Structures are given as structure tokens and as C-alpha cells.
Amino acid sequence: MISLVIDIVLLLFLLIMAIFILRVHQLLAVAMLFGLYSLLVAGLFMVLDAPDVAFTEAAVGTGIATVLMLATIACTKVSQEKIQRKVAKTPLFICLVVGGLLMYGTHNIADLGDPEAPPHTQVAKRYIEDGQKDTGVPNLVTAVLASYRGFDTLGEVTVVFTAGIGVLLLLVRPQKIRIKGVKSAR
């Protein structure tokens, strides 16, 4: 019951954050709100027992994406564009239709933590019974992450590594190269 309350509260915060993102017209505020939105999504993934996805979302969404947006804002000039106050009807309609389809598609999903759900009765049973024999790895968690979900784990590690390199490249200022015997143009 408490898990359901936490899920609902996080989803309400996500909805409120999305509305604020749509209503705010200052780029710096939008960049910060996107970072907070991503942090809430990472929290939701943690509540849903997906820590690997939560860490990736936190590193990429909250970390690198926010830093890239702030760096882009810092490197660009102030725009003189007029702000449109009119709501575009076609994108709004598409979002509502897709949102409705997603809600309709989730009505048949097994309850979270249901011991009779197929992942618990079929997939987990197969991993436990055949994991060591199939992979040759004695540790079941390692067998699942490295063998059964190897490409997924490789992708997540690549994304987190790329995010880290991106942040380092943004934080390191380029040094001026001095060539011996050449005077600067100043």
C-alpha cells in the first residue's frame, strides 16, 4: 500500500513538473526543471526496483543532459524571438492519443510484486534452475547481468561512460598552445 502511495506521489510530481516545463519561458529555468524531472524519473525507477535504469537516468538525464543544456545556454546569445502563447493543437492531440494508448496498454499488466506473474513463475524459475548450467558462472546475479542481459548491461555501461566523458570534456577548459619562437597576436 505504501508503495502505491509513493508511486502516485511521484507520478503527480512528474505531472506537475511537466506542466511547469511547458509554462516557463526562461531557458535557464527550463533546463533546471528538466534536470529535476529526470531526477524524479530516476526516483520512480528506484521505487519500481530498477536500480540500474535509475542510475543510468540519474547520470545521463539529470547529470549530462542538464550540464549540456546549461553549457549550450551559456554559449549562445540572447534570442530576440517572440514567445508564442498559442497552444498547438496537433501535437497536443498526438500526445493525448499516445498517452491514452499507453494507459490502455498497461491495464493488463500483472500487479507489481505478484508472485503468480509470468516473470516470477517462468523467467525467474528458468534463471535459477538453468543459470549456472547455461552460462558456466557460479554467481546467479553475475550470470543474469553478464550473460542473459549482457547487451543491455553493455549498453548501460556505455551510456554512463559516455556521460562521464562528456561531463569531463565540458568541465576541462582548453589550454592555449604556445609554440616556441612564435609571438602571440595580442
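Residue numbers (this note's numbering): 22 to 207.
Idealized CB from N, CA, C, for every residue including glycine.
From a predicted model like this one, the values you see are computed outputs, not experimental measurements.
- Between P112 and the set V193, L43, L35, D28, the nearest pair of CA atoms involves L43.
- Non-local beta-carbon contacts of L54 in its own chain, meaning distances under 8 Å to residues more than five positions away in sequence, involve M38, F41, I42, V45 in chain order.
- For a cut-off of 8 Å, the C-beta gap from T174 to L166 is around 5 Å, short enough to register as a contact.
- An exposed status is given to E137, since fewer than 16 other beta-carbon atoms sit within 10 Å of its beta-carbon.
- Distance from A79 to A63 at the Cβ level is roughly 4 Å; contact confirmed, criterion being Cβ atoms closer than 8 Å.
- For the pair M90 and G56, the Cα-to-Cα distance works out to about 10 Å.
- Only residues of its own chain outside the window of five on either side were considered, and among them A52, M53, F55, G56, S59 have a CB closer than 8 Å to the CB of T87, listed in chain order.
- In this structure, L65 is the residue among L36, L48, L192, L65 with its C-alpha nearest to the C-alpha of S24.
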